């Protein structure tokens with residue numbers, strides 16, 4: 009199977025300029041290579057997920073079991089790292105779009121519409137599966153939504169616990185609830201944080217229930233081991249991308265745009281937005297010094313956003329780098345030639361949609377080059393579970409390298425606690 | 009009817025610091041006041057839309073006419089300024105979500121799914137309305153999609169032109185097509201650019217067909233005249249917001265996040281993203297000097313993005329300002345108390361969804377204050393067409409003031425032409 013391809017000729021950086029970063033990365037590449045697939049005891053635990061045979065067996069067995077219930081609706085209750093990867097892959101593959109729902113926050117109009125839809129299914133005899141995902145097991149929004157949807161299930165089904173799945177850390181209060189109430193349960197390894205959990209049960213279980221080929225997804229992820237641990241940057245896209253982003257940051261490029269060509273890849277851009285923001289945005293470095301580093305991740309969709317933000321991207325302050333994500337092969341549509349509009353834009357006549365999109369993409373990249381805006385490109389041979397696995401794995405390893413270069417911890421999120429503490433105070437004392 | 013409220017106590021700026029900007033804005037406030045409602049001859053033409061009685065009559069008549077066809081699907085063919093306002097208002101109000109489709113770009117998998125859905129309706133005897141919107145009338149993506157959907161209509165309906173509506177500039181090739189082929193047609197005034205066109209037929213017609221109260225929407229917009237042309241900043245939210253953003257830009261705040269509380273306001277954040285990026289991101293100032301100014305607009309949803317980007321926002325480089333958009337009153341849900349999860353997060357028991365969301369919002373804002381991150385807040389009394397009209401109008405006027413402060417033209421988009429030129433070359437010579 010062909011691999012995703014990574015292009016860096018338009019970053020304005022010569023490869024030898026990155027030599028000092030290559031030297032700095034050498035040990036970290038060694039550590040990641042050594043940790044990959046070797047268990048859950050280190051912070052690189054997520055790299056063991058794609059080759060964990062026990063995990064895939066447990067997930068596949070439970071997924072078959074729940075698919076047999078033939079759910080008309082699968083409600084994933086979870087927020088942030090608990091759902092972004094699943095949403096990204098479903099959207100990319102065009103799978104489960106009518107069945108999958110994501111109860112993320114305590115957003116009344118949004119959740120009420122979801123509840124009404126679920127209630128209608130239940131009243132009409134169809135089944136609703138509720139999957140509650142929280143690593144800590146104590147996320148307020150997730151538990152509020154879990155209470156709402158389990159209450160609904162109870163009202164309509166005496167065997168309601170058969171339609172519940174809990175995914176959490178073994179030591180969380182949610183795991184205790186699952187055991188007490190005989191809800192199906194899958195564990196998230198202790199050292200796999202939310203934003204690195206897409207290849208754990210967090211992503212694999214809902215994806216499998218909804219029909220994604222999780223074997224191919226894992227194979228794609230695992231296939232990146234060699235290339236993402238190659239010692240020289242020229243052959244290691246994860247390390248090269250990290251070094252490029254770090255080098256550009258030193259030159260004041262404080263924003264990074266993931267610009268996907270086509271709506272279906274937008275979820276992947278949003279998944280990466282969390283991964284980059286939460287991993288790299290840090291107040292302190294590993295020595296405890298206040299450094300306030302971070303790259304602001306933005307997300308754009310082509311060609312839609314050429315008609316919205318491209319004016320800024322091409323003309324504004326030159327402080328943003330871009331990674332375009334393109335797809336080489338997909339279905340195509342010919343522009344029909346029997347309509348009143350045939351003479352309006354002569355250049356698109358006898359063309360296909362993909363030809364037009366490709367011309368726009370190249371035209372846009374030429375405009376970026378002309379305006380001296382640095383960019384990289386990742387090309388997927390096609391949108392498949394395998395290539396999604398490759399892309400997501402490459403990006404997670406890139407962020408580990410990038411965290412190392414910034415000398416910060418890419419696995420924690422200390423500031424998230426700050427607003428949670430304030431929120432707890434308000435809810436407890438009001 | 010109560011108005012939207014604008015809060016600026018947490019920008020870290022004393023009002024008197026903005027006095028020099030107030031002085032600079034004085035003449036521009038006078039010009040906007042004089043132009044508001046006074047016709048379509050100036051670049052402030054969009055300010056005449058909400059009080060144009062002829063416009064509302066024409067739009068309402070055509071909308072009644074097309075609603076009588078009882079369309080099961082309304083496909084809006086258009087991109088950027090041609091659909092972002094419509095999408096924003098529909099999402100905010102929760103209207104037309106199952107009927108409205110947006111064919112924006114030549115994205116094969118995305119458009120094919122839409123085409124299949126339309127074909128199914130047509131085959132089963134239901135009606136599909138196709139609204140083609142392009143100011144220039146020559147947007148490649150829009151015309152390609154128009155050809156696709158009109159071809160589909162022709163295949164299934166002999167009176168297909170009855171199901172077509174064209175919205176364009178009177179002098180565009182699309183207007184000519186509409187007249188030749190007896191498609192229903194509505195005009196966009198020459199000086200109303202895409203990103204300022206939500207209160208023209210561009211927004212009003214599809215919104216009216218889908219059931220939005222466009223009279224209330226316009227009244228909300230028009231109701232902002234007095235406050236958005238008040239001479240002193242303290243009583244003029246549009247000018248105060250512009251002055252604040254400009255002042256922060258001078259202090260290196262290069263990013264502005266529109267952080268909405270709840271999914272339903274996300275479309276409004278995305279609409280503003282275009283408005284700010286395309287209006288303010290400029291290579292040259294009004295004297296033709298290369299200045300490369302611009303504020304990068306980002307968009308976030310609460311509380312979802314507290315679990316994704318808040319770590320960066322609170323800990324990273326202090327270069328981002330924020331406008332939170334909150335809603336005072338909406339439906340509510342009580343957290344049920346009959347479930348296995350009742351003891352997991354004690355503080356949310358006997359609470360409602362809105363109480364939890366409010367506590368999170370306040371907790372988050374306290375964390376922003378503690379981390380010294382500047383923010384403004386706009387509160388909507390409720391989500392209604394009237395208040396959407398107020399908010400969008402305030403934001404458009406804010407951007408006009410901001411363009412004036414930057415000494416750039418907020419109404420043009422010269423760089424967009426650069427990639428279009430490259431694209432044309434490729435499609436014409438390949």
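Chains as they are written, first to last, in my numbering: chain A, 9 to 438; chain B, 9 to 438.
Ideal Cβ placement from N, Cα and C applies to all residues, glycine included.
Just so you know, these numbers come straight off a predicted model, no measurement behind them.
TODO: In the DSSP assignment, find the beta strand (DSSP E) that holds residue 81 of chain B and state where it starts and stops.
DONE: Along the second chain, one-based indexing puts residue 81 of chain B at 73. It spans 79–85 - the beta strand (DSSP E) in which residue 81 of chain B sits, taken as one unbroken run.
TODO: Under 7 Å between beta-carbons, which chain B residues line up against residue 349 of chain A? List them in chain order, please.
DONE: Along the first chain, one-based indexing puts residue 349 of chain A at 341. Going along chain B in sequence order, the residues near residue 349 of chain A (Cβ under 7 Å) are 151, 154, 155, 158, 185.
Open item on the list: Using a Cβ-Cβ cutoff of 9 Å, what residues of the stretch 313–332 of chain B are near chain D? List them in chain order.
Closed with: Looking for chain D here will not work: the only protein chains present are A and B.
Task: Secondary structure, beta strand (DSSP E): runs of 3+ residues fully inside the stretch 281–339 of chain B - done: 290–292, 298–301, 304–310, 328–335
TODO: For residue 266 of chain B, write down the residues that DSSP places opposite it in a beta bridge.
DONE: Taking the first residue of the second chain as position 1, residue 266 of chain B is located at position 258. Paired residues: B:307, B:331.
Open item on the list: Taking the beta carbon of residue 178 of chain A as the centre, do at least 16 other beta carbons fall within 10 Å, making it buried, or is it exposed?
Closed with: Within the first chain, the letter at position 170 stands for residue 178 of chain A. So residue 178 of chain A counts as exposed.
Task: Through-space distance from residue 272 of chain A to residue 102 of chain A, alpha-carbon basis - done: On the first chain, residue 102 of chain A is found 94 positions in, with the first residue counted as 1. On the first chain, residue 272 of chain A is found 264 positions in, with the first residue counted as 1. Each residue's Cα considered, the two are about 7 Å apart.
Task: Whole alpha helix (DSSP H) elements within the stretch 57–118 of chain A, 4-residue minimum - done: 61–75, 92–101
TODO: Grab the span of the alpha helix (DSSP H) containing residue 405 of chain A for me, first residue to last.
DONE: Start at 1 with the first residue of the first chain, and residue 405 of chain A comes out as number 397. First-last of the alpha helix (DSSP H) with residue 405 of chain A: 393–414.
Task: Residues bridged to residue 387 of chain B (per DSSP) - done: As a first step, residue 387 of chain B is located in the second chain; it is residue number 379 there, counting from the start. Bridge partners of residue 387 of chain B: B:13, B:334.
Open item on the list: Let me confirm a value: residue 244 of chain B is counted as buried when at least 16 other C-beta atoms fall within 10 Å, else exposed. Which label applies?
Closed with: Against the second chain, residue 244 of chain B aligns to sequence position 236. Flag for residue 244 of chain B reads buried.
- [ ] Helix, strand or coil for residue 421 of chain A, going by three-state DSSP, please let me know.
- [x] Translated into the one-based positions of the first chain, residue 421 of chain A becomes position 413. Coil, per DSSP.
- [ ] Within its chain, find whatever has a CB closer than 6 Å to the CB of residue 362 of chain A; leave out the 5 residues flanking it on each side and keep chain order.
- [x] Within the first chain, residue 362 of chain A is the residue found at index 354, counting from 1. Correct list, in chain order: 340.
Task: residue 103 of chain B CB to nearest heavy atom of the ligand COA below 8 Å - done: In terms of ligand content, the structure shown is empty, and the ligand COA therefore cannot be addressed.
- [ ] Identify, in the order they occur along the chain, each residue of the same chain with its Cβ nearer than 8 Å to the Cβ of residue 411 of chain A, setting aside the five sequence neighbours on each side.
- [x] Translated into positions along the first chain, residue 411 of chain A becomes position 403. 287, 288, 417, 418, 419, listed in sequence order.
Task: chain B contact for residue 362 of chain A (CB, 9 Å cutoff) - done: Sequence index remark: in the first chain, residue 362 of chain A carries index 354 (1-based). Judged by the 9 Å Cβ criterion, residue 362 of chain A is in contact with chain B.
Task: Reduced DSSP category for residue 220 of chain A - H, G, I as helix; E, B as strand; rest coil - done: Against the first chain, residue 220 of chain A aligns to sequence position 212. Of the three classes helix, strand and coil, the one that applies to residue 220 of chain A here is coil, per DSSP.
Open item on the list: Let me confirm a value: residue 77 of chain A is counted as buried when at least 16 other C-beta atoms fall within 10 Å, else exposed. Which label applies?
Closed with: Looking up residue 77 of chain A in the first chain gives position 69. Burial call: exposed.
- [ ] Note down, in chain order, every chain B residue with its Cβ under 9 Å from the Cβ of residue 340 of chain A.
- [x] Walking along the first chain from the start, residue 340 of chain A turns up at place 332. Residues of chain B passing the Cβ test: 116.
Open item on the list: Check whether the stretch 261–271 of chain A and the stretch 297–311 of chain A touch, using three or more Cβ-Cβ pairs below 8 Å as the test.
Closed with: yes
Task: Whole-number beta carbon distance between residue 216 of chain B and residue 59 of chain B, since they are thought to touch under 8 Å - done: Taking the second chain and counting its residues from 1, the one referred to as residue 59 of chain B is at position 51. Taking the second chain and counting its residues from 1, the one referred to as residue 216 of chain B is at position 208. Not a contact, Cβ separation roughly 17 Å.
Open item on the list: Between which two residues does the beta strand (DSSP E) holding residue 256 of chain B run?
Closed with: As a working mapping, residue 256 of chain B is identified with position 248 in the second chain. No beta strand (DSSP E) holds residue 256 of chain B; the alpha helix (DSSP H) holding it covers 245–258.
- [ ] In the DSSP assignment, find the beta strand (DSSP E) that holds residue 135 of chain B and state where it starts and stops.
- [x] Here residue 135 of chain B refers to the residue found at position 127 of the second chain. Looking at the DSSP string, the run of the beta strand (DSSP E) that includes residue 135 of chain B is 135–142.
Open item on the list: Suppose you measure from the CA of residue 228 of chain B to the CA of residue 422 of chain A; what does that come to, to the nearest Å?
Closed with: For the purposes of this step, residue 228 of chain B is taken as the residue at position 220 of the second chain. For the purposes of this step, residue 422 of chain A is taken as the residue at position 414 of the first chain. Near 42 Å, if we compare the C-alpha coordinates of residue 422 of chain A and residue 228 of chain B.
TODO: With a 10 Å radius around its C-beta and 16 neighbouring C-beta atoms as the bar for buried, classify residue 163 of chain A as buried or exposed.
DONE: For the purposes of this step, residue 163 of chain A is taken as residue 155 along the first chain, with counting starting at 1. So residue 163 of chain A counts as exposed.
TODO: Return helix, strand or coil for residue 172 of chain B, following the three-state DSSP convention.
DONE: Within the second chain, the letter at position 164 stands for residue 172 of chain B. Three-state result, residue 172 of chain B: strand.
Open item on the list: Here's a check: name, in chain order, each residue in its chain whose Cβ is nearer than 6 Å to the Cβ of residue 14 of chain B, leaving out the five neighbours to either side.
Closed with: For the purposes of this step, residue 14 of chain B is taken as residue 6 along the second chain, with counting starting at 1. Same-chain partners within the cutoff: 245, 386.
TODO: Run the CB neighbour count on residue 99 of chain B, radius 10 Å, all protein chains shown included, and call it buried at 16 or more, exposed below.
DONE: Along the second chain, one-based indexing puts residue 99 of chain B at 91. Residue 99 of chain B comes out buried.
TODO: With residue 241 of chain B as the anchor, note down where its alpha helix (DSSP H) starts and where it stops.
DONE: For the purposes of this step, residue 241 of chain B is taken as residue 233 along the second chain, with counting starting at 1. Residue 241 of chain B -> no alpha helix (DSSP H), and no H or E assigned at all.
Open item on the list: Need the endpoints of the alpha helix (DSSP H) that residue 29 of chain B sits in, please.
Closed with: Indexing the second chain from 1 puts residue 29 of chain B at position 21. Where residue 29 of chain B is concerned, the enclosing alpha helix (DSSP H) stretches over 27–43.
- [ ] Just confirm the distance between the C-beta atoms of residue 154 of chain A and residue 140 of chain A, as a whole number of angstroms; I'd bet it's less than 8 Å.
- [x] Counted from its first residue, the first chain places residue 154 of chain A at position 146. Counted from its first residue, the first chain places residue 140 of chain A at position 132. With a Cβ gap of about 5 Å, residue 154 of chain A and residue 140 of chain A count as contacting.
- [ ] List the residues of chain A that residue 250 of chain B touches, going by C-beta distances under 7 Å, in chain order.
- [x] Walking along the second chain from the start, residue 250 of chain B turns up at place 242. The contacting residues do not exist; residue 250 of chain B stays about 17 Å from chain A at best.
TODO: Pull up the CB-CB distance for residue 439 of chain A and residue 122 of chain A, whole angstroms please, since I reckon it's below 8 Å.
DONE: The structure shown does not extend to residue 439 of chain A, since chain A is modelled only from 9 to 438, so the question has no answer here.
- [ ] Mind checking which residues open and close the beta strand (DSSP E) that includes residue 54 of chain A?
- [x] Residue numbering aside, residue 54 of chain A sits at position 46 when the first chain is read from its first letter. Element bounds for residue 54 of chain A: n/a, residue is neither H nor E.
TODO: Taking only the alpha-carbon atoms, compute the straight-line gap between residue 262 of chain A and residue 407 of chain A and give it to the nearest angstrom.
DONE: Reading the first chain from its first residue, position 254 is the one you call residue 262 of chain A. Reading the first chain from its first residue, position 399 is the one you call residue 407 of chain A. Residue 262 of chain A and residue 407 of chain A: Cα-Cα distance of roughly 15 Å.
- [ ] May I ask you to list, following chain order, the residues of the stretch 270–285 of chain B that have a beta carbon less than 7 Å from some beta carbon of chain A?
- [x] 270, 271, 272, 281, 282, 285
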